[in-house]
Ligand code: P5A
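Residue numbers (this note's numbering): 5 to 441.
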């Protein structure tokens, strides 16, 4: 992408309406635009990152055996009356009436709709286990939308729903998602801690929130200090293995949200207990037959008996993750994207646009890097070098390749790693080998 034609409306000044650093940086980098309170348009740079995050989530769901589908955002109120949640959900639900006076709603979650799809087609225990997910926009009329995409009203969620014949099988489905979540967040460079959590309007009694520790987080949390240095995935099993031992040893290390934490019964001595704030990037639930019973989602068992299906649901805040990643990875100059979710792999900085030799070398590098499959942000704008460096740091591209007339006299370019600030001068071929190899 040539930045001279890329729609990336960066801001020099710090937006005053943004209270936390991730929101400020997303606005400054021209990634999002608020269109109403808690509702955002995703500008090209922000949308690139959103799609990267979404793709990692998708790959890990697929690897865990979940199958992707896509349900609509608009739902019928009648479905929610069947589960009894239509009235319970209260003002957070955006209710809509269509031209025929039918009551509809913009879905805040999809337990009812997926249960309806399930009961229409699945009739036998032989068709189980089943796990279906989608990545779709949700709407919750949050009383206080804030912190940009972190607590929006419209937000992108991955929600998966598992169906099993008995509680033991449902526990295995839960453990698969538990492991898939740890892998998902690790791939984004995040350390997510699974914490015992309340279930709120979703229901059930087994639930974990996946929390990224951050001072700006909205959740109060408590965990054993071992969590700070632990790499739980180091000797994690694969999906074909029995996940129970891994689940037991991971959830034995204490971690709980403040609603679940009780100082009187906490097994961790005060000296080993960390009290912190965190961002909830995922939340998983096992709620048994809470929806299948009232909605009559039953299958025939081995002896022909009717068995209400055992269910769980598993959410990831896809759009919230963008804020969480920035909170976890930035410096005074801007965002530091982990390679896996960066909007571009390489930022190519032309120090003197208009200088024939510099333009030629840059165009050549741009073409070769793209041929090698790298996504390149080529800054070919007629701007001062200082402005180009500042923008490249702000948008957080992991590698910066700087090309100017002075270096080219001796055949060298400069390569900078955004995360460490380390710079090295090297020949054009060596730079290419390093970035394209
Ligand atoms: C699980 C999947 C559910 O809705 N039903 C389907 C269950 N869980 S949840 O905890 O309520 O939401 C799942 C994740 O969505 C993110 N999230 C939000 N992100 C941005 N803005 C919001 N207002 C918002 N509300 C929830 C969180 O990451 C949460 O873990």
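C-beta: ideal position from N, C-alpha, C; glycine also. Bear in mind the structure is a predicted one, so any value in this text is a computation, not a measurement.
Beta strand (DSSP E) containing residue i: first to last residue?
i           : result
residue 317 : 314 to 321
residue 38  : 36 to 40
What are the residues that DSSP puts in a beta bridge with residue i?
i           : result
residue 261 : 225
residue 108 : 80 and 100
residue 404 : 351 and 420
residue 168 : 314
residue 382 : 6 and 352
residue 74  : The partner list for residue 74 (beta bridge, DSSP) is empty, contrary to what the question assumes.
residue 118 : Answer by DSSP bridge pairing: none, since residue 118 is not bridged.
residue 143 : 158
residue 292 : 315
Can you tell me which of the three DSSP states residue i falls into?
i           : result
residue 137 : strand
residue 298 : coil
residue 372 : helix
residue 127 : coil
residue 215 : strand
residue 16  : coil
residue 50  : helix
residue 466 : Outside the displayed span of the chain (5 to 441) sits residue 466, for which this structure offers no information.
residue 285 : strand
residue 163 : strand
residue 278 : strand
residue 303 : strand
residue 88  : coil
residue 44  : strand
residue 308 : coil
residue 441 : coil
residue 11  : coil
residue 414 : coil
residue 359 : coil
residue 270 : coil
residue 342 : coil
residue 132 : coil
residue 377 : coil
residue 178 : helix
residue 69  : coil
residue 149 : coil
residue 113 : coil
residue 22  : coil
residue 256 : coil
Assuming residue i is part of the alpha helix (DSSP H), what are its boundary residues?
i           : result
residue 427 : Premise fails: residue 427 lies in the beta strand (DSSP E), 427 to 431, not in any alpha helix (DSSP H).
residue 26  : 25 to 32
residue 155 : Residue 155 -> no alpha helix (DSSP H), and no H or E assigned at all.
residue 392 : 389 to 399
Taking 8 angstroms as the CB-CB limit, is residue i close to chain D?
i           : result
residue 223 : Of the protein chains in this structure there is only one, and it is not chain D.
Count the C-beta pairs between the stretch 352 to 359 and the stretch 374 to 387 that are closer than 8 angstroms, then say yes if the count reaches three, no if not.
Taking 8 angstroms as the limit for Cβ pairs, the verdict is that the stretch 374 to 387 does touch the stretch 352 to 359.
The stretch 360 to 372 contacting the stretch 302 to 316, beta-carbon criterion three pairs below 8 angstroms
Taking 8 angstroms as the limit for Cβ pairs, the verdict is that the stretch 302 to 316 does not touch the stretch 360 to 372.
Flag this pair as touching only if the stretch 166 to 176 and the stretch 39 to 56 have three or more C-beta atom pairs under 8 angstroms; answer yes or no.
No contact exists between the stretch 166 to 176 and the stretch 39 to 56.
Which full runs of the beta strand (DSSP E) of 3+ residues lie inside the stretch 185 to 212, going along the chain?
If only complete runs of 3 or more residues are kept, the stretch 185 to 212 shows the beta strand (DSSP E) at 196 to 200, in order along the chain.
Touch test, the stretch 73 to 87 against the stretch 100 to 116, Cβ-Cβ under 8 angstroms, three pairs minimum
Short answer: they touch.
Cβ pair count under 8 angstroms reaching 3, the stretch 318 to 327 against the stretch 260 to 269:
With the cut-off at 8 angstroms, the stretch 318 to 327 and the stretch 260 to 269 do not touch.
Does the stretch 239 to 249 come close enough to the stretch 281 to 298 to have 3 or more Cβ pairs within less than 8 angstroms?
Counting Cβ pairs under 8 angstroms, fewer than three are found: no touch.
Unbroken stretches of the beta strand (DSSP E), 3 residues or longer, contained in the stretch 228 to 252:
Entirely contained in the stretch 228 to 252, not one beta strand (DSSP E) run reaches 3 residues.
Quick test of the definition: if touching needs 3 or more C-beta pairs under 8 angstroms, does the stretch 116 to 134 touch the stretch 274 to 285?
As far as the Cβ criterion goes, the stretch 116 to 134 does not touch the stretch 274 to 285, which means the pair count is below three.
Three Cβ pairs or more, each shorter than 8 angstroms: is that satisfied between the stretch 375 to 383 and the stretch 333 to 353?
The answer is yes - the stretch 333 to 353 touches the stretch 375 to 383, with three or more Cβ pairs under 8 angstroms.
Does the count of Cβ pairs from the stretch 332 to 339 and the stretch 176 to 183 closer than 8 angstroms reach three?
Inter-segment contact for the stretch 332 to 339 and the stretch 176 to 183 is absent: fewer than three beta-carbon pairs are separated by less than 8 angstroms.
Just checking, does the stretch 211 to 226 make contact with the stretch 92 to 103 on the three C-beta pairs under 8 angstroms criterion?
Because the criterion of three Cβ pairs below 8 angstroms is not met, the stretch 211 to 226 and the stretch 92 to 103 do not touch.
At least 3 beta-carbon pairs within less than 8 angstroms: the stretch 177 to 192 vs the stretch 137 to 157:
Verdict: no, contact absent.
Stretch pair the stretch 46 to 66 + the stretch 82 to 99: three plus CB contacts closer than 8 angstroms
No: the two stretches stay apart, fewer than three of their Cβ pairs being nearer than 8 angstroms.
At a cut of 8 angstroms, does the stretch 152 to 162 reach the stretch 15 to 30 through at least three beta carbon pairs?
Contact annotation: the stretch 152 to 162 touches the stretch 15 to 30, with at least three C-beta pairs closer than 8 angstroms.
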